[in-house]
Ligand SMILES: [Mg+2]
């Protein structure tokens, strides 16, 4: 498969997952999801106060990260993070920032807007999933350079989320997208990610959850994606582990992966967004159902920015 298919699969896939999970983000029981959307839950885009296919802050912030990489991905870390901060602040002030943005992301943006340096702007004690949900483009940009990938993904968390686990989780999403875009073997991802996280020293919380994925893989989502299992994904380590569980149980089936993520009692849009990025990168754009890849908000822009990311990526050699 061509890298172009994988890059478009990741960028369109994350937006599709996010848009599918949007209507269920704040529905906290499966009974209520089934009552509202039928026995299968959400299986397609839903129109409510937003048109069908509308994505949320997860995709908006991923696009901020992507644009920053396009503008400054070959500069120094400080140059890149300065541009990323500008993108975040512009998003925070945008009228389109009406998609249930995370409070921690907004708090970070307010500090960045006041001129607080990027390394200090993040909420120190927050390990919410707001920084792990948006790093798929970093996985694409540094596809061939894992050391830089990890450094940049961790730095990108600091703009809003300063907890060590949030930094590790942000690197986790980017790594999974890179491995998927390289077409590497999905069953290896949980143990491999756990090893990287343990080596990272502050990745222990991510490691302890992803290590459990092989043993829960045969258990149904309703038993896994809640407090008794991998959690509800409001935190970075839970979001990464939940998304990886969704991907690993159906590695070649994009539709299955994102709909399982979207129909959860927890942070559905973020799980489905990360899972959609991984599955889209692994299976390519053609694996995203046609109606979804065409109807998702800003479809043409998502396809284009993926091609731009491919052209500007940091290739070795
Ligand atoms: Mg969201």
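In the working numbering, the protein residues as written are 1321 to 1637.
Backbone N, C-alpha and C define an ideal beta-carbon position, used for all residues, glycine too.
Grouping DSSP H, G and I as helix and E and B as strand, with all else coil, what is residue i?
i	result
residue 1555	strand
residue 1624	helix
residue 1414	coil
residue 1395	coil
residue 1436	coil
residue 1443	strand
residue 1450	coil
residue 1461	helix
residue 1354	helix
residue 1637	Confidence is the limiting factor: at residue 1637 the pLDDT is only 48, short of 50, which leaves the residue's position unreliable and the question unanswerable from this model.
Relative to ligand 1, is the shortest distance from any of its heavy atoms to the C-beta of residue i smaller than 8 Å?
i	result
residue 1404	no
residue 1345	yes
residue 1420	yes
residue 1376	yes
residue 1453	yes
residue 1426	no
residue 1394	no
residue 1368	no
residue 1590	yes
residue 1338	yes
residue 1342	yes
Whole angstroms is fine: what's the gap from residue i's alpha carbon to residue j's?
i	j	result
residue 1581	residue 1401	30 Å
residue 1637	residue 1596	The predicted position of residue 1637 is uncertain, since its pLDDT is 48 and thus under 50; no value can be drawn from it.
residue 1321	residue 1536	30 Å
residue 1341	residue 1616	13 Å
residue 1499	residue 1361	30 Å
residue 1447	residue 1429	16 Å
residue 1358	residue 1503	35 Å
residue 1574	residue 1628	23 Å
residue 1698	residue 1467	Past the edges of the chain, shown from 1321 to 1637, lies residue 1698, and the structure says nothing about it.
residue 1515	residue 1492	11 Å
residue 1590	residue 1457	15 Å
residue 1351	residue 1540	16 Å
residue 1412	residue 1554	20 Å
residue 1414	residue 1436	20 Å
residue 1608	residue 1332	8 Å
residue 1631	residue 1382	18 Å
residue 1533	residue 1619	32 Å
residue 1465	residue 1634	8 Å
residue 1463	residue 1552	29 Å
residue 1506	residue 1497	11 Å
residue 1399	residue 1538	45 Å
residue 1363	residue 1576	9 Å
residue 1561	residue 1460	20 Å
Give me the Cβ distance between residue i and residue j, rounded to the nearest whole Å; I'm assuming they're in contact under 8 Å.
i	j	result
residue 1396	residue 1593	Actually they do not touch by this definition, with Cβ atoms about 29 Å apart.
residue 1476	residue 1520	Rounded, the Cβ-Cβ distance is 15 Å, inconsistent with contact.
residue 1511	residue 1326	That pair is no contact at about 23 Å.
residue 1482	residue 1433	No, residue 1482 and residue 1433 are not in contact; Cβ-Cβ is about 17 Å, not under 8 Å.
residue 1375	residue 1418	Not confirmed; about 12 Å, so no contact.
residue 1603	residue 1373	At roughly 20 Å, the Cβ-Cβ gap does not stay under 8 Å, so residue 1603 and residue 1373 are not in contact.
residue 1559	residue 1489	7 Å
residue 1598	residue 1563	7 Å
residue 1485	residue 1556	6 Å
residue 1336	residue 1578	6 Å
residue 1427	residue 1479	Between residue 1479 and residue 1427 the Cβ distance is about 11 Å, and since that is not below 8 Å, they are no contact.
residue 1522	residue 1550	No, residue 1522 and residue 1550 are not in contact; Cβ-Cβ is about 19 Å, not under 8 Å.
residue 1368	residue 1343	6 Å
> Do the segment 1546-1562 and the segment 1579-1591 meet, that is, are 3 or more Cβ pairs less than 8 Å apart?
Replying inline: Touching, yes, given that three or more Cβ pairs across the two stretches are closer than 8 Å.
> Is the segment 1338-1349 touching the segment 1563-1570, taking contact as three or more C-beta pairs under 8 Å?
Replying inline: Three or more beta-carbon pairs separated by less than 8 Å are not found between the segment 1338-1349 and the segment 1563-1570, which leaves the two stretches without contact.
>> Three or more C-beta pairs under 8 Å: does that hold for the segment 1518-1530 against the segment 1420-1435?
In response: The segment 1518-1530 and the segment 1420-1435 do not touch, with fewer than 3 CB-CB distances between them shorter than 8 Å.
>> For the segment 1458-1473 against the segment 1607-1616, do three or more pairs of beta-carbon atoms, one drawn from each stretch, fall closer than 8 Å, so that the two count as touching?
In response: When Cβ pairs closer than 8 Å are counted between the two stretches, the segment 1458-1473 is seen not to touch the segment 1607-1616, the count staying below three.
> Pairing CB atoms from the segment 1406-1415 with CB atoms from the segment 1443-1453, are three or more of them under 8 Å?
Replying inline: Counting Cβ pairs under 8 Å, fewer than three are found: no touch.
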